Amino acid sequence: MNLEELMAFFGRNPMLSMALAGITAALIYTEFARLFRGYKSLRPAELTGLINRENALVVDLRPIADFDKGHIPGAKNVQMSQFDPENKQLAPAKSLPVVLVCKTGMTAGGAAQRLKKAGFEKVYVLDGGIGGWQQADLPLAKGRG
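UniProt numbering puts the first residue of the sequence shown at 1, with every later residue one more than the last.
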């Protein structure tokens, strides 16, 4: 297919052309936003390595009932409604890696941005949240842990 045929296709299919342009713009925006958000996403296997190598603090932002049903071993539960970077469990960890966990990985992004603004050096979000952890067949602890 040459450029002339491609231009003819776009001319005959304006809706497809606009959809392609929109999807391309959305992908570019998403990738640039990811570069400048200040925190990184971790896969479950990367989290286990970070816990073992660098004594990462895992903060579970889910409601206490969900936390009690199953959480990453060693995680601390901090309710999103009470989330504060100066929290007594969080403040001492400013130089440690801090990994935020929620149900799907979406809520933790906002909390991660707050930690970065408060001066935390190494902030991560668990990709896929606790659901991603479970899909990787990694163990959960029960109770208040």
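For every residue, glycine included, the Cβ atom is placed at its ideal position computed from N, Cα and C. All values reported here derive from a predicted model rather than from experimental measurement.
- Under DSSP, Asp84 forms no beta bridge with any residue.
- Arg62 counts as buried, since at least 16 other C-beta atoms from the protein chains shown sit within 10 angstroms of its C-beta.
- Listed as beta-bridge partners of Pro97 by DSSP are Lys122.
- The beta carbon of Gly38 sits closer than 6 Å to the beta carbons of Lys116 from its chain, once the five residues preceding and following it are set aside; these are given in chain order.
- Between Thr107 and Gly131 the beta-carbon gap is near 12 Å, outside 8 Å, which marks them as no contact.
- Within the stretch 9–75, the complete alpha helix (DSSP H) segments at least 4 residues long are 14–36, 44–54 and 64–69, listed from N- to C-terminus.
- Between Val99 and Leu47, the C-beta gap is smaller than 8 Å, which places the two residues in contact.
- The residue from Leu6, Arg12 and Ala136 with its alpha-carbon nearest to that of Ile72 is Ala136.
- The straight-line gap separating the alpha-carbon atoms of Leu3 and Arg43 is approximately 41 Å.
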